[in-house]
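Novice:
Numbering (this note's numbering), first residue to last: 1 to 249.
(1) Counting C-beta neighbours from all protein chains within 10 Å, is the total for residue 48 16 or more, i.e. buried, or is it exposed?
(2) Could you give the C-beta distance for residue 42 and residue 122, rounded to a whole number, given that I count them as a contact under 8 Å?
(3) Drop a sphere of 10 angstroms on the beta-carbon of residue 142, count the other beta-carbons inside from all chains shown, and report buried for 16 or more, exposed for fewer.
(4) Put residue 46 into one of helix, strand or coil per three-state DSSP.
(5) Using CA coordinates, which residue listed in 246, 179, 158 and 132 is at the minimum distance from residue 164?
(6) Alpha carbon to alpha carbon, what distance is there between residue 171 and residue 248?
(7) Under a three-way DSSP split, which group does residue 52 fall into?
(8) For the beta strand (DSSP E) holding residue 151, just list the boundary residues, first then last.
(9) Look at the alpha carbon of residue 153 and the alpha carbon of residue 117, and state the distance between them as a whole number of angstroms.
(10) If you compare alpha carbons, which of 203, 128, 244 and 221 is closest to residue 227?
(11) Answer with buried or exposed for residue 207, where buried requires no fewer than 16 other C-beta atoms within 10 angstroms of its C-beta.
(12) Got a sec? Which residues, its chain only, sit under 7 Å from residue 234 by beta carbon, not counting five neighbours each side?
(13) Are residue 221 and residue 199 touching if we call contact CB-CB under 8 Å?
(14) What's the C-alpha gap between residue 179 and residue 215?
(15) Beta-carbon separation of residue 190 and residue 181 under 8 Å?
(16) Per DSSP, residue 211 is paired with what?
(17) In terms of alpha-carbon separation, which member of 54, 183, 240 and 188 lies closest to residue 203?
(18) If you draw a straight line from the C-alpha of residue 219 to the C-alpha of residue 160, how long is it?
(19) Who does residue 198 pair with in a DSSP beta bridge?
(20) Just the C-alpha distance for residue 106 and residue 88, rounded to the nearest angstrom, thanks.
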């Protein structure tokens with residue numbers, strides 16, 4: 001018998017089975033790759049949401065001498081941004097010190113999309129109050145900047161004034177002491193809030209935005225001014241003891 005005649009090719013059924021197996025393996029591989037790619041995009045988007053939140057209200061991990069130094073857009077302006085563009089392009093505010101987030105791959109202008117404003121799926125982020133959201137992955141990813149807007153814009157500062165002997169000004173000297181707290185007013189400039197301490201030395205300021213603000217104690221009879229920086233974190237009631245460096249009361 002001729003050996004060549006004993007050789008036979010694959011049958012049609014065998015070829016169909018092989019093709020089906022290859023198709024199943026390809027589909028499983030593609031699904032796994034797509035799932036892995038989506039997971040990477042989710043993590044990239046979450047990281048960028050963090051950067052955008054820090055651009056709005058500062059990164060709490062940036063400190064110097066034990067004090068927080070970064071308060072972002074709100075700390076400089078005293079208001080929440082109207083949109084994410086305001087984090088990169090000054091909307092005409094004198095106290096704006098941005099850009100608060102930097103785009104390493106694109107430049108503004110020319111109608112080009114700005115990468116900081118797009119999630120990993122190429123969809124625009126949305127800013128609504130204290131929430132920044134991404135919907136590009138089919139389900140929403142949201143980064144909350146703070147518990148609410150009040151935590152960023154309406155904090156309180158209490159000051160207790162004494163002299164070097166730890167005495168409050170009392171009823172006699174209370175009107176001679178003036179406290180001046182300068183804060184951004186949300187409109188591109190600053191405003192100075194004024195208060196006289198009570199006889200027991202206490203005074204309060206409310207509706208204070210987060211940030212590092214200048215507090216001045218002016219003692220009229222001595223024509224003297226004492227200055228301090230007051231740092232206000234989100235949702236914080238700040239208590240500050242301010243001692244005038246002489247025994248005058």
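Cβ atoms here follow ideal geometry from the backbone N, Cα and C, with glycine treated the same way.
Specialist: This is what the structure gives:
(1) buried
(2) 14 Å between Cβ atoms; not a contact.
(3) exposed
(4) helix
(5) 246
(6) 13 Å
(7) helix
(8) Taken as a continuous stretch (DSSP letters only), residue 151 belongs to no beta strand (DSSP E), being part of the alpha helix (DSSP H) at 149 to 153.
(9) 24 Å
(10) 244
(11) exposed
(12) 57, 146, 151, 152 and 210
(13) no
(14) 7 Å
(15) no
(16) 232
(17) 240
(18) 14 Å
(19) According to DSSP, which records beta bridges pairwise, residue 198 is partnered with nothing at all.
(20) Because the pLDDT of residue 106 is 44, which lies under 50, any placement of that residue in the model is unreliable, and the number read from its coordinates should be weighed accordingly. If you take the alpha carbons of residue 106 and residue 88, they lie about 12 Å apart.
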